[in-house]
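Peer 1: This is the structure I want to talk about, given as structure tokens.
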Amino acid sequence: MMNYARDRTEPPREPAPAVEARALTVVRGDRTVLRGLGFTVEPGRITGLLGPSGCGKSTLMRAVVGTQAKVTGTLDVLGHPAGHPALRPRVGYVTQAPSVYTDLTVRQNLDYFAAVLRPGRRHRDARGEAVTRAIDDVDLASHTDALAGTLSGGQRSRVSLAVALLGTPELLVLDEPTVGLDPVLRRDLWHLFHTLAAERGTTILVSSHVMDEAERCHRLLLMREGEILADDTPAALRARTGSDTVEAAFLHLVDEASATATRQEATR
Ligand SMILES: Nc1ncnc2c1ncn2[C@@H]1O[C@H](COP(=O)(O)OP(=O)(O)OP(=O)(O)O)[C@@H](O)[C@H]1O
Ligand SMILES: [Mg+2]
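For the sequence shown, my numbering begins at 1201 and goes up steadily by one.
Below, the structure written as structure tokens:
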């Protein structure tokens, strides 16, 4: 073992997590939707948030970007409490329902959001470059001048993604970005996510229903009914549950959790 006191070198530090939650609880209406969650999201990596419909994925993401009400516990994002104004330019968020202006073209949509991010004439050239890069990132260069209202659902969600990429965010929160996309586009988008993580150091938190996408993440948070069932790498999850796929591992953990809940009910 190294003796750091003796040789006076600093011990290697773990990079601070991009997101750190402790006892994170969210109430929506009369339901407790997130139940005392604790987890971290590693910086510069792709973390997949997986779980059945209604388990709380979107709620968790809204809490991370600071748009969710009735959040208690601790939730730190890039070293600030979630929702802190300093995080606005550092966090990109794509909601489950793409929000773009249908009566503007793809470029006009991006020009508009770029101007909101960096107002003023002196930023005009940088804005133009950022817009062109974002359009290229999501592979929509051939549709730059198409009205967003005339795009397919998948193309429209890529415009939303391009908007989120405009500010070169350090943390990108993507709520089911690949729903409704064909397999080729899904593959291309995952390629983009990996490029963003590897080359720009972007931290990506991405939710999905699709279990084969889980295999493409560096780490996974598996959720069920407002709780986290597992927080691990895909390989470790498969190994731990003796499963061939993440889907089988997830089902194994769900069955295990249900059996435990039933036992607890029986002893109450
Ligand atoms: N406005 C609301 N008032 C009360 N309950 C709500 C509200 N919005 C969502 N919920 C409940 O919160 C729970 C979690 O919803 P959430 O949208 O986070 O799930 P999800 O995992 O993203 O589901 P999906 O995969 O279908 O998008 C659900 O049970 C839902 O019914
Ligand atoms: Mg959702």
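Every residue gets a Cβ at the ideal spot worked out from N, C-alpha and C, and that includes glycine.
#1: Rounded to the nearest angstrom, what separates G1320 and G1367 at their Cα positions?
#2: Could you tell me the alpha carbon to alpha carbon distance between G1256 and R1322, rounded to whole angstroms?
#3: Would the C-beta of K1257 count as close to ligand 1, meaning under 6 angstroms from any of its heavy atoms?
#4: Please give the ranges of any beta strand (DSSP E) in the stretch 1258-1336, keeping only runs that are unbroken, at least 3 residues long and fully inside the region.
#5: Would you call the stretch 1245-1255 and the stretch 1406-1414 in contact, with 3 or more CB pairs under 8 angstroms?
#6: To the nearest angstrom, report how far apart T1460 and A1330 are at their CA atoms.
#7: Just the Cα atoms here: how many angstroms apart are C1417 and P1434?
#8: Quick check: is any heavy atom of ligand 2 less than 6 angstroms from the C-beta of Q1181?
#9: Give me the Cα-Cα distance between I1246 and A1466, rounded to the nearest whole angstrom.
#10: Could you check whether the Cβ of S1352 sits closer than 6 angstroms to any heavy atom belonging to ligand 1?
#11: Is there at least one non-hydrogen atom of ligand 2 closer than 6 angstroms to the beta-carbon of Q1268?
#12: Sorted by chain position, which residues of the same chain lie with C-beta nearer than 7 angstroms to M1201's C-beta, five sequence neighbours on each side aside?
#13: Would a C-beta distance cut-off of 7 angstroms place A1221 and L1275 closer than the cut-off?
#14: Reducing DSSP to helix, strand and coil, say where T1350 ends up.
#15: Grouping DSSP H, G and I as helix and E and B as strand, with all else coil, what is E1415?
#16: What beta strand (DSSP E) runs, 3 residues minimum, are completely inside the stretch 1350-1428?
#17: Hey, how far is the Cα of P1243 from the Cα of L1405?
#18: For V1446 and L1420, which I take to be in contact (beta-carbon distance under 8 angstroms), what is that distance rounded to the nearest angstrom?
#19: Would you identify the three-state DSSP class for R1468, choosing helix, strand or coil?
#20: Please report the distance separating the alpha-carbon of L1385 from that of E1415.
#21: Can you give the beta carbon distance from S1360 to V1294, rounded, assuming they're within the 8 angstroms contact cut?
#22: With a cut-off of 8 angstroms on the beta carbons, I'd call T1344 and T1305 a contact; round off their distance for me.
#23: Say the cut is 6 angstroms; is the CB of S1360 nearer than that to a heavy atom of ligand 1?
#24: Measuring only the C-alpha atoms, how far is E1370 from R1358?
#25: Compare the Cα-Cα distances from L1429 to each of A1457, R1463, P1217, T1403 and report the closest residue.
Peer 2: Taking the geometry as given:
#1: Your numbering for residue 1320 matches position 120 in the sequence shown. Your numbering for residue 1367 matches position 167 in the sequence shown. Whole-angstrom Cα-Cα distance: 15 angstroms.
#2: Along the sequence shown, one-based indexing puts residue 1256 at 56. Along the sequence shown, one-based indexing puts residue 1322 at 122. So the alpha carbons of these two residues sit roughly 42 angstroms apart.
#3: As a position in the sequence shown, residue 1257 is number 57, starting the count at 1. Result yes, Cβ under 6 angstroms from ligand 1.
#4: 1271-1277, 1291-1294
#5: yes
#6: Translated into the one-based positions of the sequence shown, residue 1460 becomes position 260. Translated into the one-based positions of the sequence shown, residue 1330 becomes position 130. For T1460 and A1330, the distance between alpha carbons rounds to 51 angstroms.
#7: Residue numbering aside, residue 1417 sits at position 217 when the sequence shown is read from its first letter. Residue numbering aside, residue 1434 sits at position 234 when the sequence shown is read from its first letter. Taking the straight line joining both Cα atoms gives about 7 angstroms.
#8: There is simply no residue 1181 to check, as the chain begins at 1201 and stops at 1468 in what is shown.
#9: Taking the first residue of the sequence shown as 1, we reach residue 1246 at position 46. Taking the first residue of the sequence shown as 1, we reach residue 1466 at position 266. Near 39 angstroms, if we compare the C-alpha coordinates of A1466 and I1246.
#10: The residue given as residue 1352 occupies position 152 in the sequence shown. It does not: the Cβ of S1352 is nowhere closer than 6 angstroms to a heavy atom of ligand 1.
#11: Position 68 of the sequence shown, counted from the first residue, corresponds to residue 1268. The answer is no for Q1268.
#12: Here residue 1201 refers to the residue found at position 1 of the sequence shown. Caution is warranted here: a pLDDT of 49 is assigned to M1201, below 50, making its placement in the model unreliable, and the coordinate value is therefore given only provisionally. None.
#13: In the sequence shown, counting from the first residue as 1, residue 1221 sits at position 21. In the sequence shown, counting from the first residue as 1, residue 1275 sits at position 75. For A1221 and L1275, yes; Cβs fall inside 7 angstroms.
#14: Here residue 1350 refers to the residue found at position 150 of the sequence shown. Three-state result, T1350: helix.
#15: In the sequence shown, counting from the first residue as 1, residue 1415 sits at position 215. If DSSP states are grouped into helix, strand and coil, E1415 belongs with coil.
#16: Inside the stretch 1350-1428, DSSP marks whole beta strand (DSSP E) runs of 3 or more residues at positions 1371-1375, 1403-1408, 1419-1424, from first to last along the chain.
#17: For the purposes of this step, residue 1243 is taken as residue 43 along the sequence shown, with counting starting at 1. For the purposes of this step, residue 1405 is taken as residue 205 along the sequence shown, with counting starting at 1. Their backbone Cα atoms lie some 10 angstroms apart in a straight line.
#18: Here the question's residue 1446 lines up with position 246 in the sequence shown. Here the question's residue 1420 lines up with position 220 in the sequence shown. Taking C-beta atoms under 8 angstroms as the contact rule, V1446 and L1420 qualify, at a distance of about 7 angstroms.
#19: Stepping through the sequence shown from its first residue, residue 1468 is reached at position 268. DSSP places R1468 in coil when its eight states are reduced to three.
#20: In the sequence shown, the residue the question calls residue 1385 occupies position 185. In the sequence shown, the residue the question calls residue 1415 occupies position 215. Going from the Cα of L1385 to the Cα of E1415 covers about 17 angstroms.
#21: Numbered from 1 along the sequence shown, position 160 holds the residue referred to as residue 1360. Numbered from 1 along the sequence shown, position 94 holds the residue referred to as residue 1294. About 5 angstroms; that satisfies the 8 angstroms criterion.
#22: Counted from its first residue, the sequence shown places residue 1344 at position 144. Counted from its first residue, the sequence shown places residue 1305 at position 105. By a beta-carbon distance limit of 8 angstroms, T1344 contacts T1305. Their separation comes to about 7 angstroms.
#23: Residue numbering aside, residue 1360 sits at position 160 when the sequence shown is read from its first letter. No, Cβ of S1360 sits at least 6 angstroms from all heavy atoms of ligand 1.
#24: The residue you call residue 1370 lines up with position 170 of the sequence shown. The residue you call residue 1358 lines up with position 158 of the sequence shown. Looking at the two C-alpha atoms, the distance is approximately 19 angstroms.
#25: Position 229 of the sequence shown, counted from the start, is the residue given in the question as residue 1429. Of the listed residues, the one whose Cα sits closest to L1429 is A1457.
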